[in-house]
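Remarks on the structure that follows.
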Amino acid sequence: MNWNIFVLRELFQRKSKLITSSLAIVLGIAAIVSISTITTYSEESVAKELDALGANVLILPPEVSVADYYSADFQNGELPEEYVTLIAMSNVEGVDNMSPKLTLPTDIKGNRVILTGILPKSEFQNKTSWQGAGIFSRPKICGSAEDVFKMNQKLPQETLARKRVITNLEHHEVLVGADIAKKLHLKEGAEIAMLDSPFKVLAVLPTTGTIDDSRIFAHLHTVQALTDKDALLSAIEVVGCCKQVSKGLISNLQSLLPEANIVTIAHIVDTQVKTNALMRNLSYLLLMIIVIMGGASIGNDMYNNVYERRKEIGILIALGATPKIILKVFIKKAALLGLLGGISGYIIGTVLALALGPLIAGVHVFPILYLSIIAVVLSICIAIGASYFPARYASRLEPSIALQEN
Amino acid sequence: MLRADNLSKIYKKQDGKVIAINNLSLDIPTGDFVAIVGPSGSGKSSLLLMLGGMLFPTEGEVIINGESIYQLTLNEIAKLRQQQLGFIFQTFHLIPYLTALENVQMPMLLKGLSSKEQAENAESLLEKVGLSDRMDHKPSELSVGQQQRIALARMLANNPSIILADEPTGNLDSETGQRMIQFFFELNAEGRTVVLVTHDIRVAEQAKNTITISNGTISG
Amino acid sequence: MRFTFALFLIGFLLTLSLNLFAQTSGSGTVSIQNAIAEDKYLYLFFYKEQNDKTAKLQAVFDQTMQKLGEKVKSAKVNVKSASEQSVVDQFNLKRAPMPFVLVLAPSGAITGGFSTFNEEQLLNSQISMGAAHALKALQDHKLLILTLQNSRTTSNQEALSGINEFKADPRYSEATVIITLDPSDPQEQKFLNQLNLDTHLAQATTVLIAPPAEIIGKYQGPTHKAQMVADVQKAASGCCPDGCCPGGCCPGGKCGK
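Protein chains in written order, with this note's numbering: chain A, 1164 to 1569; chain B, 6 to 225; chain C, 638 to 894.
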């Protein structure tokens, strides 16, 4: 027999009581863990998207915001495709890797799929040289030299995954995101029907951890033709190699396209930072509520426990227990309650995040181990903090009163 | 030796005060077997608790082996109870979620003995009281008589020199009660001082000495 | 009577065939053919509908064409007309903003493309022959080897040796165009300045240019096929995933990340 066994025996003598005592704190910890987990992966996902986008500028329809673009699979609101020609022919640096897209939902074998029409570079690349001889005096831009002899041919799935552009794509070929391919059992060479039209899978994209994993990419003009959205786009991603490029890009693009919503990395980051800050503040508010409610619940249960065990406390004193030992017993119980609550809360919160992350934030979520430590420490602190006064009361009980029958 | 000098205990209530013990003095020599008798509410349980360092007197002193126990700190009193005193109560006060063996180990745990020593000693004590086959049972799985024997074994765990018993046979049938009294005699024969509170005259008659309490004072 | 009738019939048939020709190949296509045949610049005005914007730009266009007179050819192309679809598709203008002007050099190169323009821009679209041929090669997705030499520059033959070896390689021959220019030619000064090339050269100089117009190699004096191949390979590797390429390719030489 030792004090840990003593405390454990008492704790588990009535399991239903154990559950109800720790319920508030378990649920509160679970909520914090799930919010933190989803937020972390959401932030990571956006960071990955931004990384993948590179030093980028997003050109969006005027009524579409950055939050819309990142939070939803697709948006209503369109841009005229003629913007592509305007940009290609302009002398704005860094627009070689431009990615015009049209995104909308469709149905394949009863599954909702996001279809993105993407315009291959080859279809507008030539227009960059329509500036005339002035093109020779443009500063050298990384990655814009054409691979004339096909020395470094990348597969379309590689360029799309890494650089978000595609050089060539036939009108009835598609590239399929990793998750969708898995869901619909699609492989390279497979035939699928979309919008009453046959397509062939050119390749399955590697997993990128971005929203592209759940998309199917087809030729922009094919998608436009099949959906009556002739010469319309959802967005244009201007994919630069270098961040310096985007600095000059914004004002030039805004002058060129005054009616478009031109969003920079700074804007995107700002919006995301604000969203994350909101989530963080929400979790702090939740933390405060847990501390108060969870603490109050545990404190109340502990006072009840002291009252229920007063004869036991009396006999312990009769057997030679000091006030310090009585205090220790109740504090140990609180710590153990906190430990169990923290672990349970972490497990429940993580399971919730795994289930809800893809639904709420559209991201794959995995357990975050360091959160388990935070959950346990927080839970133990709340439990001990709430139990201190009841424990102190128990240690000061008059043994004669404790041992009274009534 | 156990002595009480001018002991008083006054409880303050909303509508006045209640005098449980009134200027009581007694002297119990080492090795004595004393029965404290008196009607219900006479203060005998309060006296026993004060003798055991479990109830602070309003006035007076309790001296155990030359030491005034209420001059000690709470920790020193607790140590005294660990080392010299053994309590046994009418309703046993066994810890319901511990087994018989674990209940008997509690005083040894409080004293700081190792788990191995605790287990060995507890097993030996339970064997002594005839319950070695019930070591792993919880109190709710045992009869009243068996529970009282576990309480007895627990009381003996720290080898007390003074045994304080409050109505130990109160919940037992006469045969079991008598067996319990027999145990006390055996313990007394070992040289331990036994102070036993009872309202049963037949039990009191078997003690070496009897003190009668009435209205908080010794009468007769 | 019979003679008159025959004349009438011939005239009618001729007109009919001309019309038919005009319908099947629109004015755009015809103009291109004519301009190439006459070695003249061609200005094509594409439009979709008659509105204020079209009228305004058409006025500028007409005024400029009037100024240029017989030196150039011009045509107006209605992109909605069935007979003009071939020229619309040729330049991939189905989705371009309208109205739109394309300027074609006699070499076939597009030397200007405008959705908004003024007279000066239209006039400045006429470039030197060297520049026009260079643009044509690049617009045809060919590697351009521009070699600058004259009677005063040294290492002329040595400069040509690596180039010729490169061109002779069947892997590269078809997609390579060699243009030789006299660096002292006053007509080509502007073009050479745009390439940041010194026009007062002591040695023959060779410049490797990949489409759309990226200088990927520059050699003074002798050229070596191996070096040229290496430079072409390096340029073809494009941007690395971290945003920078070997040799620091961002403007100013610094990488963004």
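C-beta atoms are modelled at their ideal positions from N, C-alpha and C, and glycine is treated no differently.
- Counting the other CB atoms within 10 Å of its CB gives Thr-701(C) a total of 16 or more, which places it among the buried residues.
- Secondary-structure assignment with DSSP links Ile-1531(A) through no beta bridge to anything.
- Taking Gly-749(C) as the centre and dropping the five residues before and after it, the same chain places the C-beta of Val-740 and Ser-762 closer than 6 Å to its C-beta, in chain order.
- With respect to Phe-1287(A), Val-1247(A) sits close: the two C-beta atoms are nearer than 8 Å.
- Assigned with DSSP and collapsed to three states, Leu-785(C) falls in strand.
- DSSP places Asn-28(B) outside any alpha helix (DSSP H); the residue lies instead in the beta strand (DSSP E), whose first and last residues are 21-33.
- For the region 738-752 of chain C, residues whose beta-carbon sits nearer than 7 Å to a beta-carbon of chain A comprise Ile-747, Thr-748, Gly-749, Gly-750 and Ser-752.
- Note on geometry: alpha-carbon atoms of Ile-747(C) and Ile-853(C) lie some 22 Å from one another.
- By the Cβ criterion, the region 779-794 of chain C is in contact with the region 815-823 of chain C, since at least three pairs of Cβ atoms, one from each stretch, lie closer than 8 Å.
- Counted as a single uninterrupted DSSP element, the alpha helix (DSSP H) harbouring Lys-1491(A) occupies residues 1486-1523.
- Counting along the chain, Phe-94(B) sits inside the beta strand (DSSP E) bounded by residues 90-94.
- DSSP, reduced to helix, strand and coil, places Gly-71(B) outside both helices and strands of the structure shown, so it counts as coil.
- Two segments are said to touch when three or more pairs of C-beta atoms, one from each, lie closer than 8 Å; by this definition the region 1194-1211 of chain A does not touch the region 699-717 of chain C.
- Judged by their CB atoms, Leu-56(B) and Ala-105(B) are not nearer to each other than the 8 Å cut-off.
- In the three-state scheme derived from DSSP, where H, G and I count as helix and E and B as strand, Ala-212(B) is classed as coil.
- Residues are counted here when their Cβ sits less than 7 Å from a Cβ of chain A; for the region 807-840 of chain C these are Arg-808, Tyr-809, Ala-812, Phe-828, Gln-831 and Leu-832, given in chain order.
- Close to Lys-17(B), with beta-carbon spacing below 9 Å, lies no residue of chain A; the smallest spacing is near 13 Å.
- Annotated as proximal: Ser-765(C) and Gln-824(C), with beta-carbon spacing under 8 Å.
- Comparing alpha carbon positions, the residue from Arg-808(C), Ile-673(C) and Leu-775(C) closest to Thr-1291(A) is Leu-775(C).
- Shown here, Arg-1559(A) sits in coil according to DSSP, grouped into three states, outside any helix or strand.
- Within the DSSP bridge table, the entry for Ser-1360(A) names Met-1357(A) as partners.
- Neighbours of Ser-120(B) in chain A, taken as residues whose beta carbon is under 7 Å from its own, are Met-1164 and Asn-1165 in chain order.
- For the region 1484-1495 of chain A, the set of positions with a beta-carbon nearer than 8 Å to some beta-carbon of chain B reads Ala-1484, Thr-1485, Pro-1486, Lys-1487 and Ile-1488 in chain order.
- Pairing Gly-1512(A) with Ile-1188(A) gives a Cβ-Cβ distance that is not under 8 Å.
- In this structure Ala-83(B) is in contact with Ala-1484(A), their Cβ atoms being roughly 6 Å apart against a cut-off of 8 Å.
- Every unbroken stretch of the alpha helix (DSSP H) spanning 4 or more residues and falling wholly within the region 109-176 of chain B is given here in chain order: 120-133 and 149-161.
- Ranked by Cα distance from Leu-1482(A), the first of Pro-62(B), Lys-116(B) and Ala-25(B) is Lys-116(B).
- Counting along the chain, the unbroken alpha helix (DSSP H) around Leu-1389(A) starts and ends at 1383-1389.
- Distance from the CA atom of Phe-1362(A) to the CA atom of Asn-1331(A), rounded to whole angstroms, is 16 Å.
- In chain order, Arg-732 make up the part of chain C whose C-beta sits under 7 Å from the C-beta of Glu-1244(A).
- For Tyr-856(C), the enclosing beta strand (DSSP E) has its first and last residue at 851-857.
- With a beta-carbon spacing of about 4 Å, Ala-712(C) and Ser-668(C) fall inside the 8 Å limit used to define contacts.
- Contact with chain A is found for Glu-851(C), since one of that chain's Cβ atoms lies less than 8 Å from the residue's Cβ.
- The beta carbon of Ala-692(C) is closer than 8 Å to none in its chain, skipping five residues each way along the sequence.
- About 11 Å separates the Cβ atoms of Leu-1278(A) and Gln-1387(A), ruling out a contact at the 8 Å cut-off.
- Interface annotation, Lys-1474(A): in contact with chain B, CB-CB separation under 8 Å.
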